[in-house]
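Participant:
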Amino acid sequence: MKELDIYAIDAVLPQTQCEQCGFKGCLEYAKAIASGEANINRCPAGGEVGIEQLSQITGFPIIPLDETRGEHVPFEIAVIDAKRCIGCKLCVRACPTEAIVGCGKHLHQVDEDRCTGCCLCMIACPMDCIEMKRVGRDWTKEDADHARKNYKIRNIRRAKRQEKAEQRLQERSSQIDKKAFLLSLMKKAKSE
Ligand code: SF4
Ligand code: SF4
Ligand code: SF4
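One gets our numbering by counting positions in the sequence shown from 1 and adding 11 to each.
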């Protein structure tokens with residue numbers, strides 16, 4: 012089997028980062044296709060057109076969309092019902108493109124320019140106050156490129172935040188160790 016170019020595959024994936032394919036984002040699905048782990052028919056967002064493009068790139072035959080992964084639906088974006096939102100931020104954590112703005116315990120809104128229609132916020136919302144609204148136009152290659160960039164930036168920011176949190180934890184635990192050591196010395200000195 013010829014070696015497949017992961018980035019060429021990723022370039023034709025829609026980049027909504029919806030995870031319906033069963034992988035953590037489009038690039039992971041592209042890797043799975045390239046390694047032969049996954050078929051080319053698992054992306055509902057790309058639909059039949061996407062399968063044709065993947066077939067051209069990979070040389071794999073065209074097969075019908077695997078509808079157990081979901082249906083192909085027209086481009087939609089999320090809308091938050093302000094009256095029911097409790098500002099819990101679960102949608103913010105779920106969003107792959109940082110499209111939801113707001114702060115803790117306050118209303119959250121969707122930045123339409125960043126929303127990919129992935130539905131992950133709607134799934135995460137405990138108040139059922141997010142709905143998907145049809146946009147009335149197709150999802151374009153430009154939209155996909157914009158979403159890929161936003162997703163990458165979000166992942167870099169998350170990794171940095173995670174690294175800082177781990178550093179803080181390490182610093183705190185070494186301070187605790189030092190404190191415990193000093194206390195044990197004091198105890199020992201008292202008992203002598
Ligand atoms: S758009 Fe969704 S289903 Fe399609 S490859 Fe990307 S993450 Fe997977
Ligand atoms: S998950 Fe729902 S309730 Fe929580 S902040 Fe988002 S929209 Fe509001
Ligand atoms: S706002 Fe919701 S639907 Fe839009 S990209 Fe973020 S998680 Fe997906």
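We treat Cβ as the ideally placed atom computed from N, Cα and C, and that holds for glycine.
Can you tell which of Q64, D139 and L15 has the C-alpha that lies nearest to the C-alpha of K152?
Facilitator: For K152, the nearest C-alpha among the options comes from Q64.
Participant: Write down the C-beta distance between A105 and C132 rounded to the nearest angstrom, noting that I regard them as a contact closer than 8 Å.
Facilitator: That belief holds up - the Cβ atoms of A105 and C132 are roughly 5 Å apart, short of 8 Å.
Participant: What is the DSSP secondary structure of V112, reduced to helix, strand or coil?
Facilitator: Here V112 sits in strand by DSSP.
Participant: Any heavy atom of ligand 3 inside 6 Å of the beta-carbon of A89?
Facilitator: Answer for A89: yes, Cβ within range of ligand 3.
Participant: Could you tell me the distance, in whole angstroms, from the CA atom of I14 to the CA atom of H119?
Facilitator: The question names Ile, but residue 14 in the sequence shown is Glu. So the two alpha carbons sit approximately 45 Å from each other.
Participant: To the nearest angstrom, how far is it from the Cα of L38 to the Cα of L193?
Facilitator: Each residue's alpha carbon lies about 50 Å from the other.
Participant: Kindly examine ligand 2 and report whether one of its heavy atoms sits closer than 6 Å to the Cβ of H119.
Facilitator: Checking the Cβ of H119 against ligand 2 gives yes.
Participant: Taking the alpha carbon of A45 as the reference point, which residue from I17, K35 and Q28 has its own alpha carbon closest?
Facilitator: Considering only alpha carbons, the answer is I17.
Participant: Using a 10 Å radius around the Cβ and a threshold of 16 neighbouring Cβ atoms, would you call T79 buried or exposed?
Facilitator: T79 is exposed by the Cβ-count criterion.
Participant: Taking E87 and G128 to be in contact with their CB atoms under 8 Å, please state how far apart those CB atoms are, rounded to whole angstroms.
Facilitator: With a Cβ gap of about 4 Å, E87 and G128 count as contacting.
Participant: Mind checking whether P85 and G57 have CB atoms under 7 Å apart?
Facilitator: Not in contact: P85 and G57 (Cβ atoms no closer than 7 Å).
Participant: Alpha helix (DSSP H) containing M133: first to last residue?
Facilitator: L131 to A135 is the span of the alpha helix (DSSP H), which, as asked, contains M133.
Participant: Would A89 pass as a contact of I134 if the rule is Cβ separation under 7 Å?
Facilitator: No.
Participant: Below 6 Å, is the gap between the Cβ of T127 and the nearest heavy atom of ligand 3?
Facilitator: Yes, Cβ of T127 sits closer than 6 Å to a heavy atom of ligand 3.
Participant: Determine the extent of the alpha helix (DSSP H) in which M197 is found, giving its start and end residues.
Facilitator: Segment K152 to S202, the alpha helix (DSSP H) holding M197.
Participant: At a cut-off of 6 Å, is Q28 close to ligand 1 when judged by its beta-carbon and the heavy atoms of the ligand?
Facilitator: Yes, since a heavy atom of ligand 1 falls inside the 6 Å radius drawn around the Cβ of Q28.
Participant: Tell me, please, which residues DSSP counts as bridged to Q120.
Facilitator: DSSP, once it has assigned bridges, lists V112 as partnering Q120.
Participant: Given 6 Å as the limit, tell me if A191 has its C-beta closer than that to any heavy atom belonging to ligand 3.
Facilitator: Flag unset: Cβ of A191 not near ligand 3.
Participant: Does the beta carbon of L76 fall short of 6 Å from some heavy atom of ligand 1?
Facilitator: L76: no, Cβ never under 6 Å from ligand 1.
Participant: Can you list, in chain order, the residues of its chain whose CB lies under 7 Å from that of D121, leaving out five sequence neighbours each side?
Facilitator: First, the residue type needs correcting, since residue 121 is Val and not Asp in the sequence shown. Hits under 7 Å: I88, A89, V90, I91, A110 and I111.
Participant: Consult DSSP for V84 and reduce its assignment to one of helix, strand or coil.
Facilitator: DSSP places V84 in coil when its eight states are reduced to three.
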